[in-house]
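Beneath this line is the structure, given in structure tokens, with notes to follow.
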RNA sequence: GUGGAUGUAGCUCAGUGGUAGAGCCCCGGAUUGUGGCUCCGGUGGUCGUGGGUUCGAUCCCCAUCAUCCACCCCA
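Residue numbers (this note's numbering): 403 to 830.
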């Protein structure tokens, strides 16, 4: 039926009124958390030069090779809808001198775009909250980021439903060296590799370690281990990070196979996962990317960050029914008037009350209709009280207040008494 | 990019080779100015789209599109 009509692009979803309170609840928690930790929000454009992503994420990654929304601008420039937030954030920070002899703690939130097959928890337009820090070398800030996320799970009631996985990829040099060692090892056992793995040999050989193919298990177990090829500094860095987490009482699992897909990561990487969402179980992931700023033309600048997938977290909150009822918006008062004169008066009375009681959540009935239908609308609106303005009330300068949620007689009040009476009636 | 499942009313879904039904929702009435419960009535569908088979297709066949789930990849 909709086939001839225009509909939303595949994998790009409308956020409907029924859903938005949960998003607002989540976004509110995040904003509050960032404020409390002293992180500043940064907003960057959704479109960037294609080269920014190609240079940062890595030319041969799936994201850059086949998942980007890339198009030509009218002047022939190649532009891309951002597939992730870190590159833009680094670009903006550099461009405005935010990294010049100073540290930064930044966060952002917004849509990202990847042309993948949609499935549960994975969409072509999806939303991330990202956090990036610059200028901090030590493991303390790595730990701070993890503690910050842990606190968020705590406050959202998600802590028992997520697991923290940690790994270290070593310095860029150590990682590159290990990569060569690993590729050499896989070349030796080329016959044992499955089709996917042979393809990954050039794209992301570290990822082969993560293969679920049981036929390759023995060969993978015998492969050189990343942890054995870490440079001394990275090993110390990682040890210090886990020590802080131990002291803070944060549980984690060291997963030597945890490899982030983006080329720019080095040293600490981490992932929060859940088993409650089907196959897209990663809910938050990040790591250190000490080389990226320099790679994009800046001075060498240590950096760590992470991103959360908002859709996945919303899905999790939904399936676990973790949104508090109080976070759902509701009306205090529904104002209705019977007849033309009273309807007009109701609209003006509504404005008067909004002026006198700024906290009052009030809606005035529009569209006329019988008294009965208007009261039905009042009930449907979810308001606690209905204010009835009929011809009788209008003539007498009074209003009738009707309780819609509790057993309680309706009251007749003079209009003068209304402003002081309403807060009392709505208390508790 | 690959594989599987599913497309019938706004929503959730029945159904049959002879051009469609329920529940919820919505609207009206029973109650000249009083909701939630009940009862009565009503609006609403070219059965995803395009072909084919057939006297006749919502049903069978093919194609196509969309959605969902999984692989891949990732948040």
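Just so it is clear, CB atoms sit at the ideal spot from N, CA and C, and this is done for glycine as well.
Note that the structure is a prediction, hence the values are computed from the model and not measured.
How long is the line joining the alpha carbons of residue i and residue j, rounded to whole angstroms?
i           : j           : result
residue 829 : residue 768 : 27 Å
residue 534 : residue 577 : 22 Å
residue 458 : residue 634 : 26 Å
residue 665 : residue 721 : 33 Å
residue 676 : residue 682 : 9 Å
residue 628 : residue 553 : 30 Å
residue 490 : residue 484 : 8 Å
residue 383 : residue 779 : The structure shown does not extend to residue 383, since the chain is modelled only from 403 through 830, so no value can be given for it.
residue 468 : residue 585 : 23 Å
residue 796 : residue 784 : 25 Å
residue 539 : residue 571 : 15 Å
residue 775 : residue 710 : 45 Å
residue 706 : residue 679 : 27 Å
residue 750 : residue 690 : 58 Å
residue 415 : residue 486 : 18 Å
residue 728 : residue 739 : 29 Å
residue 544 : residue 511 : 20 Å
residue 820 : residue 755 : 9 Å
residue 804 : residue 765 : 15 Å
residue 809 : residue 789 : 16 Å
residue 793 : residue 827 : 24 Å
residue 660 : residue 591 : 22 Å
residue 760 : residue 815 : 20 Å
residue 626 : residue 574 : 17 Å
residue 693 : residue 668 : 8 Å
residue 645 : residue 604 : 35 Å
residue 737 : residue 753 : 11 Å
residue 522 : residue 502 : 42 Å
residue 630 : residue 687 : 23 Å
residue 662 : residue 437 : 28 Å
Would you list the one or two residues that DSSP bridges to residue i?
i           : result
residue 471 : 483
residue 509 : 443 and 533
residue 711 : 530
residue 671 : 569 and 689
residue 736 : 765 and 788
residue 450 : 482
residue 655 : 567
residue 837 : This structure gives no information on residue 837, because the portion of the chain shown stretches from 403 to 830.
residue 514 : 528
residue 705 : 536
residue 813 : 803
residue 684 : 675
residue 504 : Beta-bridge pairing links residue 504 to no other residue.
Going along the chain, which residues of its own chain have a beta-carbon closer than 6 Å to the beta-carbon of residue i, five neighbours each way excluded?
i           : result
residue 657 : 567 and 569
residue 602 : 609 and 610
residue 763 : 733 and 734
residue 405 : Residue placement at residue 405 is flagged as unreliable, the pLDDT there being 37, under the threshold of 50; a coordinate-derived value is accordingly withheld.
residue 807 : 786
residue 454 : 489 and 493
residue 427 : 725 and 729
residue 745 : 739
residue 600 : none
Where does residue i land, buried or exposed, given buried means 16+ other C-beta within 10 angstroms?
i           : result
residue 818 : exposed
residue 704 : buried
residue 672 : buried
residue 442 : exposed
residue 532 : buried
residue 465 : buried
residue 536 : buried
residue 541 : buried
residue 607 : buried
residue 773 : exposed
residue 758 : exposed
residue 498 : exposed
residue 551 : buried
Note down, in chain order, each residue of its chain lying with its Cβ closer than 8 Å to the Cβ of residue i, except the 5 sequence neighbours on either side.
i           : result
residue 403 : Residue confidence for residue 403 is low, a pLDDT of 36 falling below 50, so the modelled location carries little weight; the figure read from the coordinates is stated next. Correct list: empty, nothing qualifies.
residue 412 : 520 and 526
residue 697 : 457, 458 and 666
residue 529 : 511, 512, 513, 514, 711, 712 and 713
residue 699 : 496
Leaving out the 5 sequence neighbours to the left and right, which residues in its chain are closer than 7 Å to residue i when beta-carbon positions are compared?
i           : result
residue 524 : 518 and 682
residue 471 : 482, 483, 515 and 517
residue 747 : 739, 791 and 796
residue 588 : 595, 603, 607 and 610
Notebook entry, point to check: Per the contact definition of three or more C-beta pairs closer than 8 Å, is the stretch 578-586 in contact with the stretch 706-718?
Noted result: No, they do not touch.
Check: Should the stretch 554-566 be called in touch with the stretch 614-621, which here means at least 3 C-beta pairs below 8 Å?
Finding: no
Notebook entry, point to check: Can we say the stretch 436-455 touches the stretch 417-425, given the rule of at least three CB pairs closer than 8 Å?
Noted result: no
Next item on the list: Report yes or no: do three or more beta-carbon pairs, one from the stretch 592-602 and one from the stretch 645-657, lie closer than 8 Å?
Entry: No, because fewer than three Cβ pairs between the stretch 592-602 and the stretch 645-657 fall closer than 8 Å, the two stretches do not touch.
Margin query: Check whether the stretch 428-445 and the stretch 456-470 touch, using three or more Cβ-Cβ pairs below 8 Å as the test.
Written below: no
Notebook entry, point to check: At a cut of 8 Å, does the stretch 508-522 reach the stretch 727-736 through at least three beta carbon pairs?
Noted result: no
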